[in-house]
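*Asks:* Those letters in the sequence shown? Residues 445 to 675, by our numbering. Where a beta carbon is used, it is the ideal one built from N, C-alpha and C, also for glycine.
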Amino acid sequence: MKLLQKLFLFVFVAAVAIVLYLYSSAFWFGPKDLGVKYTEDDLSRISLAIGGDRIYPDDMSEDDDIFEDYYLNYSDPKAYNLEITGPELGAIIEEILPPAFPIKDLQMKINDDDSVEVSCRANIGVLVEHFFSDVADDIPIKLPEKANIYLKGKLETTNGVSEVNIDEAKIGSISIPSKYLTPEKQVSIARYADRFQTAVPGVVIRKLRFDNNKIIFDGDFPDSYYITSKG
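1) If residue 482 sits next to residue 531, beta carbons under 8 Å apart, how far is it from one beta carbon to the other, in whole angstroms?
2) With DSSP as the reference, identify every bridge partner of residue 666, one or two as the case may be.
3) I need the straight-line Cα distance from residue 523 to residue 495, nearest angstrom please.
4) Does the separation of the CB atoms of residue 661 and residue 558 fall below 8 Å?
5) Closest by CA to residue 640, which one among 619, 613, 606 and 614?
6) What's the C-alpha gap between residue 503 and residue 669?
7) Does residue 471 come out as helix, strand or coil in the three-state DSSP assignment?
8) Would you mind stating whether residue 609 and residue 565 have Cβ atoms separated by less than 8 Å?
9) Can you pull the DSSP bridge partners for residue 601?
10) Please state whether DSSP places residue 594 in a helix, a strand or coil.
11) Which stretch, first to last residue, makes up the beta strand (DSSP E) that contains residue 563?
12) Return helix, strand or coil for residue 466, following the three-state DSSP convention.
13) Under three-state DSSP, which class holds residue 589?
14) Specify the secondary structure class of residue 505 as computed by DSSP and reduced to three states.
15) Is residue 499 near residue 535, with beta carbons less than 8 Å apart?
16) In whole angstroms, what is the alpha-carbon distance linking residue 547 and residue 675?
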């Protein structure tokens, strides 16, 4: 009997450990390393291409809700035709966008077939609150406030309307079931992608696609922002 009790206890503890690992890996460990790192040269090139000024409080933290805790002011949008590499996009996220931007540590790998792999840390709480609040109640599980995200697929946007084809999606080490990635559901996912792309007033995306291992962008966006605290 004692042997059976010990065996049951071992199995129970192991099961709990596995569940805790799967759930906690969504935010305790770093995002998947795609081997894409930006350099000072990447930052210099993309900063010169975008231009503009960026001012925000010194004490801004990535834990802040940028939409609730701050006043956001932007310059008038400018027209851009850009070719952006994966490392340069990482530099934009980390060095040009403000610290409270809800996506951090982004790596984008653009494959030869123009499919894209994206790995990042995301402030899920902020994203759901401000972009997906109308479907938050339909999410079948309670999401962590922060999580590591991995996506693989294709994306193209024309005149503000996106088409997506997601092959794989993970939150932490947990794969999103294929039943949530059917063609019908991916149409809905594309509409929410459109919301996020135009979070900043004045953003216009005439064309966004991936070609020759680069992001090809034709559109408008403000080159400068001025952020002050509400506190």
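*Replies:* Checking against the coordinates, here is how it stands:
1) 4 Å
2) 521
3) 12 Å
4) no
5) 606
6) 17 Å
7) Caution applies to residue 471, whose pLDDT of 45 falls short of 50 and renders its modelled position unreliable; the model cannot decide the point.
8) no
9) 606 and 652
10) strand
11) 560-567
12) Low confidence applies here, because residue 466 scores a pLDDT of 42, under 50, leaving its location unreliable; read the following figure in that light. Residue 466 falls in the helix class under three-state DSSP.
13) coil
14) coil
15) no
16) 23 Å
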